Amino acid sequence: TAGEPSGGRSLSEFSLEARVKTGLLGGAISVVPFIDAGAVDTTSTPRLRDIKVGAGIGVRYETNFGPIRIDLGTPLNPSPGDSRIGVYVALGQAF
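No gaps in the numbering here: position 25 of the sequence shown is 38 in the numbering used here, and each next residue is one more.
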């Protein structure tokens, strides 16, 4: 990829979310605001100036086999060419 390394030697990441029950469908629906941050670096310790931050909101639907997650996020300090909005659908908790 144009001489750029793929991956890195160090990783720094941070995630924070608040799971807010709505009472809808017997309490099965939650609203989840979140913020994520992280950096990958070719050095042995990541440089804080390279950390990227994103925030968004999601919905959780609790099922017998785990929550179904739908999240909508946006970068707060995007790099050139980054998408402004990301949609993520998954099964299970993020952490």
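Yeah, the Cβ is synthetic: ideal placement off N, Cα and C, and Gly gets one too.
Only a predicted model underlies this, so the values are computations on that prediction, with no experimental measurement involved.
DSSP three-state assignment for residue i, whether helix, strand or coil
i    : result
A68  : strand
I81  : strand
R97  : coil
G86  : strand
A107 : coil
R73  : strand
Option nearest residue i by Cα separation, candidates the options
i    : options             : result
F27  : T87, R73, V66       : V66
R32  : F47, G99, V102, G79 : F47
G39  : R60, L29, T76, Q106 : T76
A103 : L37, L61, L85       : L85
V100 : P93, I70, F78       : I70
Near the ligand FMN: residue i beta-carbon under 6 Å from a heavy atom
i   : result
L85 : The ligand content of the structure shown is nil, which means the ligand FMN is not present either.
Whole-Å CB distance - residue i paired with residue j, under 8 Å assumed
i   : j   : result
V45 : E30 : 5 Å
Length-filtered (3 minimum) beta strand (DSSP E) runs lying within the stretch 24 to 63: DSSP runs (the beta strand (DSSP E)) wholly in the stretch 24 to 63: 42 to 54.
The stretch 42 to 53 / the stretch 23 to 31 touching (three or more Cβ pairs under 8 Å): Contact between the stretch 42 to 53 and the stretch 23 to 31 is established, with three or more Cβ pairs separated by less than 8 Å.
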